[in-house]
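The next block holds one structure in the form of structure tokens; read it before the comments.
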Amino acid sequence: MKFSLVLIALAAAAVSECDNILNDLLGDRNPFDVELNVCSGIRNGGESACSGDSGGPLVNNGLLVGVVSWVLVPCGGHNAPTVYGKTSAFTDWIVQNTNGEVEPAIL
1112 MKFSLVLIAL AAAAVSECDN ILNDLLGDRN PFDVELNVCS GIRNGGESAC
1162 SGDSGGPLVN NGLLVGVVSW VLVPCGGHNA PTVYGKTSAF TDWIVQNTNG
1212 EVEPAIL
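Here the numbering used here runs 1111 ahead of the position in the sequence shown, where the first position is 1.
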């Protein structure tokens, strides 16, 4: 099986916009947390993360701002955002679990 690394440019979406869209689509089952998540891809014409993309990076100006957490199935649908774990929400956990040996870096 051959795998290819794919890079796409995604427009970031306001957290409130993501939450509203996901509430409309999922109702009470919406796991999106405005404190822990960010999202993208609402207006990208169907470009989103998909199966196998979990853990993939969301990078802005060389900084890791999120890690792919989940996406609606089927992926790539209109108004179907990709949901990321917000890196900044987990900074303390990252530092604790790496013994503080990880220095922030800009790629």
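Backbone N, C-alpha and C fix where the C-beta goes; we use that ideal spot for every residue, glycine too.
Quiz item: According to the Cβ coordinates, are G1152 and P1192 closer than 7 Å?
Solution: In contact: G1152 and P1192 (Cβ atoms closer than 7 Å).
Quiz prompt | L1174 - containing beta strand (DSSP E), residue span | solution = 1174 to 1182
Self-check item: Other residues of its chain near S1165: CB distance less than 6 Å, five sequence neighbours each side excluded
Solution: V1179
Quiz item: If we ignore side chains and look at the alpha-carbon of each, how far apart do L1137 and T1198 end up?
Solution: 24 Å
Quiz item: Does the distance from the C-beta atom of V1079 to that of N1148 stay below 7 Å?
Solution: Only positions 1112 to 1218 of the chain appear in the structure, and residue 1079 is not among them; the question remains open.
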